[in-house]
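*Asks:* My questions all concern the structure below.
Numbering (the working numbering), first residue to last: 1135 to 1505.
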């Protein structure tokens, strides 16, 4: 017998709240997923929680703490299966049982092999009713980084591009050019804040001398780890990235033959130098992403440049692309958004589907996701 329509609507409404709560932690909970939870009793929200910075406490523990005795006989809405194993903290499933919750509505089973259904099973064994799948599509989107890392050992890769009306990303001579307006740039900074790490190639690092931090007011502390792919260790110790490495972490990924003297110079500035496999003198991008996954990164934003973006697309390593398109025309001498490739390789890719188009100030934001 199916549940009444009003009960289904209530479940959807409270799961939407849990999902919104979980998104508060994006970019700040890795290597753990950014989970949201809400405890509801007699239609009243008695506890809310989301995974805290660094991954602990978990969302369910926060919601239970806030609900207190009101959790007894209540329903817990959670965006990912409660954990069932002992890690750095006891299992959330045990805390839910001890808290007296009578029903759990879970959006997804956790792909983590240490959980993988065992959390739901433990709750059911304790007599708690468990329903799975409410809000599943949105939860899969929000937990894409965790799911990708568990299944493939690498982060969810988000390529960001700012392009002119004629598909250019820079001025002639690879000179930096402000293509999009302030509203679009604010969106980029928000995307940085929701990412665990941000990656650029050494060409962008040398040409732009960027900071790659989040510069929205009050959100500077949410800046992601900054990653530079630099097979020959050309990043100057005096660059803005290197000089700020003790404030916001910088990881430089290089090859096995790169200069030890250059490495030591960066180490003295507080930069972390990582070595990855190479192929034909270039860093192996699949190996680099596995390295990022091994270090706990679940959401990786790629923000430059045209060579790196094109290489990731060619290797089919882009999971999501966010394209900010301006009405400006740069001209034929401008730098192509994707080195050696037409922009249609992305916009008309059989592997990527446009799921959103919206105005952002005077520009247009297009979002593509892996099919």
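A virtual CB, placed ideally from N, CA and C, is assigned to each residue, including glycine.
In the DSSP assignment, what are the bridge partners of residue 1171?
*Replies:* BP columns for residue 1171 point to 1183, 1212.
*Asks:* Looking at the secondary structure, which residues open and close the beta strand (DSSP E) in which residue 1335 lies?
*Replies:* 1331–1335
*Asks:* Take residue 1308 and list the residues in its own chain whose beta-carbon comes closer than 7 Å to its own, dropping the five residues that flank it on each side.
*Replies:* 1341, 1469
*Asks:* Cα-Cα, which of 1273, 1283, 1219, 1285 is closest to residue 1255?
*Replies:* 1219
*Asks:* Using a threshold of 8 Å, state whether the C-beta atoms of residue 1297 and residue 1442 are closer than that.
*Replies:* no
*Asks:* Of the choices 1398, 1359, 1397, 1248, whose alpha-carbon is the least far from that of residue 1380?
*Replies:* 1359
*Asks:* Does DSSP put residue 1430 in a helix, a strand or coil?
*Replies:* Collapsing the DSSP output to three states places residue 1430 in coil.
*Asks:* Are the CB atoms of residue 1229 and residue 1198 within a distance shorter than 8 Å?
*Replies:* yes
*Asks:* Candidates 1356, 1344, 1387: which alpha carbon is nearest residue 1372's?
*Replies:* 1344
*Asks:* Going by DSSP, what residue range makes up the beta strand (DSSP E) through residue 1296?
*Replies:* 1290–1297
*Asks:* Reducing DSSP to helix, strand and coil, say where residue 1488 ends up.
*Replies:* strand
*Asks:* On the DSSP bridge assignment, give the partners of residue 1493 in chain order.
*Replies:* 1498
*Asks:* Taking only three categories from DSSP, how would you classify residue 1196?
*Replies:* helix
*Asks:* Where does residue 1176 land, buried or exposed, given buried means 16+ other C-beta within 10 angstroms?
*Replies:* Exposed.
*Asks:* Along the chain, where does the alpha helix (DSSP H) that runs through residue 1281 open and close?
*Replies:* 1278–1286
*Asks:* Residues in the same chain with beta-carbon distance under 8 Å from residue 1362, minus the five sequence neighbours each way, listed in chain order, please.
*Replies:* 1333, 1334, 1335, 1336, 1339, 1369, 1375, 1384, 1385, 1386, 1387
*Asks:* Using the Cα positions of residue 1187 and residue 1277, report the straight-line distance between them to the nearest angstrom.
*Replies:* 16 Å
*Asks:* Have a look at residue 1496 and residue 1317 and give me their C-alpha separation to the nearest angstrom.
*Replies:* Whole-angstrom Cα-Cα distance: 8 Å.
*Asks:* Output yes or no for whether 8 Å exceeds the beta carbon distance between residue 1153 and residue 1273.
*Replies:* Residue 1273 is positioned such that its CB atom lies closer than 8 Å to that of residue 1153.
*Asks:* Please name the residue, chosen from 1498, 1179, 1184, 1284, that lies closest to residue 1245 on a Cα-to-Cα basis.
*Replies:* 1284
*Asks:* Tell me the residue span of the alpha helix (DSSP H) that contains residue 1459.
*Replies:* Unbroken run through residue 1459 is the beta strand (DSSP E), 1454–1459; no alpha helix (DSSP H).
*Asks:* Return the residue from the list 1347, 1415, 1431, 1312 that minimises the CA-CA distance to residue 1460.
*Replies:* 1312
*Asks:* Where does residue 1140 land, buried or exposed, given buried means 16+ other C-beta within 10 angstroms?
*Replies:* The residue is exposed, with fewer than 16 neighbouring Cβ atoms inside 10 Å.
*Asks:* In terms of residues, what are the limits of the alpha helix (DSSP H) holding residue 1256?
*Replies:* 1252–1259
*Asks:* Measure how close the beta-carbons of residue 1462 and residue 1288 come, nearest whole angstrom, since I'm counting them as under 8 Å.
*Replies:* Not quite, the Cβ-Cβ distance comes to about 35 Å (not below 8 Å), so this is no contact.
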